[in-house]
Amino acid sequence: MSPQGPQDPRASRVVQASRAPRASRAGTALALAAGLQFLHLAPAAVRLPPVRRTLARRTAGYGTAPGHLALTFDDGPDPRSTPYVLDALDELGARATFFLLGAMLERAPALGRELVLRGHEVAVHGWHHRQQWYPAPARDLRELRRATGAVAELCGARPLWYRPPYGVLTAGPALAARRLGLRSVLWTAWGRDWTAEATGESVFATARPGLTAGATLLLHDSDCTSAPDSWRATLAALPLIAAHCRAHALTLGPLRDHAVPPLARGAR
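The sequence shown begins at 8 in our numbering and counts up one residue at a time.
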């Protein structure tokens, strides 16, 4: 067999030319994917304190009702813990908004109805407690519609509010919530009551600087996504929080009384 001669430069140019469109298409696809990911994550900037305090006060949970502090609970309803929280709130004469997980409500529908019968407000926290880091608009709408329908049917009350798991508000769930007539709302104060080290005193001490008129306080009535038995720290903190509010002429109540306007009824 004779050795190959030198490569025809024209053939090399043809190969390079054929590769160029493929490289260009790949670069365009990567740029488009990066752009979509940026747009999906952009609403999560509301978690940044400067954004909360200035550009996104309503989404953050700042209300305008005089002397009102919104009390909210996430991750229930949980038969092991929520009844204790309800009894404590009855003793304190306080009402709250409970952001419910569809999967938890499905297991304890009677407890969802009891929340409403005791005068509390029910809202939507999603079906599962997981972060929505990547764009999946069809999935986001499907899961949020399922959770919203479960809250309305099993609790007997139409929810007005949506709070994303971990407070990470991405575009897919935000748009799905708006389509379903829910206003997205986070919080302005928390007690870090989900940790294994939490106590009633630590929860109150952490929350205390944010317990002011117009604030929205985040607590948890379930440990389904938290340290085991961490709800007991929340329970122990409630009398301390209530006493602080009485001393400062603040009224603990649900978001419906907080003057954070829900979306117009029927918004889609």
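Where is the CB? At the ideal position from N, CA and C, for every residue including glycine.
Quick caveat: nothing in here was measured; it's all calculated off a predicted structure.
Measuring only the C-alpha atoms, how far is LEU226 from THR241?
Your numbering for residue 226 matches position 219 in the sequence shown. Your numbering for residue 241 matches position 234 in the sequence shown. Approximately 7 Å, taken between the alpha carbons.
As a quick exercise: from GLY133, ALA159, TRP238, pick the residue whose alpha carbon is nearest that of GLY174.
For the purposes of this step, residue 174 is identified with residue 167 of the sequence shown, where counting begins at 1. Residue GLY133 is the option with its Cα nearest to GLY174.
DSSP state of ASP200, grouped into three classes?
By one-based count along the sequence shown, residue 200 stands at place 193. If DSSP states are grouped into helix, strand and coil, ASP200 belongs with coil.
Inter-residue spacing [alpha-carbon to alpha-carbon] between LEU224 and ASP200:
Position 217 of the sequence shown, counted from the first residue, corresponds to residue 224. Position 193 of the sequence shown, counted from the first residue, corresponds to residue 200. Cα to Cα, LEU224 sits roughly 11 Å from ASP200.
Could you check what DSSP says for GLY221 in three-state terms: helix, strand or coil?
Looking up residue 221 in the sequence shown gives position 214. Looking at GLY221 - three-state DSSP - the assignment turns out to be coil, as it is neither helix nor strand.
Per-residue DSSP class, three states only, for SER191
Residue 191 sits at position 184 when you count from the first residue of the sequence shown. Residue state, collapsed to three classes: strand.
Would you kindly report the start and end of the unbroken alpha helix (DSSP H) that includes HIS132?
Position 125 of the sequence shown, counted from the first residue, corresponds to residue 132. Careful: HIS132 lies outside any alpha helix (DSSP H) and carries neither H nor E.
Decide if the stretch 258 to 271 is in contact with the stretch 108 to 124; the criterion is three or more beta carbon pairs, one per stretch, under 8 Å apart.
no
Within the continuous alpha helix (DSSP H) that includes ASP147, where are the two ends?
Here the question's residue 147 lines up with position 140 in the sequence shown. Its alpha helix (DSSP H) spans residues 144 to 162.
Could you pull the DSSP bridge partners for TYR169 from this structure?
As a working note, residue 169 is residue 162 in the sequence shown. VAL131, SER191.
Measuring straight from C-alpha to C-alpha, what distance separates ALA164 and VAL129?
Stepping through the sequence shown from its first residue, residue 164 is reached at position 157. Stepping through the sequence shown from its first residue, residue 129 is reached at position 122. Using only the alpha carbons, I get a separation of about 7 Å.
Status (buried if at least 16 other CB within 10 Å, exposed otherwise) for GLY42:
Start at 1 with the first residue of the sequence shown, and residue 42 comes out as number 35. Note on GLY42: pLDDT 46, under 50, position unreliable in the model; the coordinate value appears next. By the 10 Å Cβ count, GLY42 comes out exposed.
Quick test of the definition: if touching needs 3 or more C-beta pairs under 8 Å, does the stretch 245 to 264 touch the stretch 199 to 217?
yes
Exposed or buried, what is THR71 when buried is set at 16 or more other beta-carbons lying within 10 Å of its beta-carbon?
In the sequence shown, the residue the question calls residue 71 occupies position 64. THR71 should be labelled exposed.
Backbone CA spacing between GLY260 and ARG64 [nearest angstrom]
For this step, residue 260 is matched to residue 253 along the sequence shown. For this step, residue 64 is matched to residue 57 along the sequence shown. Rounded to the nearest angstrom, the two C-alpha atoms are 18 Å apart.
Pick from ALA181, HIS135, ALA220, ARG146: whose alpha carbon is nearest that of ASP264?
Here residue 264 corresponds to residue number 257 of the sequence shown, with the count starting at 1. When only C-alpha atoms are compared, the closest one is ALA220.
Are the Cβ atoms of LEU189 and PRO171 separated by less than 8 Å?
As a working note, residue 189 is residue 182 in the sequence shown. As a working note, residue 171 is residue 164 in the sequence shown. No, the Cβ-Cβ distance between LEU189 and PRO171 is not below 8 Å.
How would you call GLU150, buried or exposed, if buried means at least 16 neighbouring beta carbons within 10 angstroms?
Numbered from its first residue, the sequence shown carries residue 150 at position 143. Counting of Cβ neighbours within 10 angstroms places GLU150 among the buried residues, the total reaching 16 or more.
Hey, TRP168 and VAL131: beta-carbon distance below 8 Å or not?
Stepping through the sequence shown from its first residue, residue 168 is reached at position 161. Stepping through the sequence shown from its first residue, residue 131 is reached at position 124. Result yes, Cβ atoms of TRP168 and VAL131 sit closer than 8 Å.
Taking the straight line between their C-alpha atoms, what separation do you get for ASP97 and TYR69?
On the sequence shown, residue 97 is found 90 positions in, with the first residue counted as 1. On the sequence shown, residue 69 is found 62 positions in, with the first residue counted as 1. Going from the Cα of ASP97 to the Cα of TYR69 covers about 25 Å.
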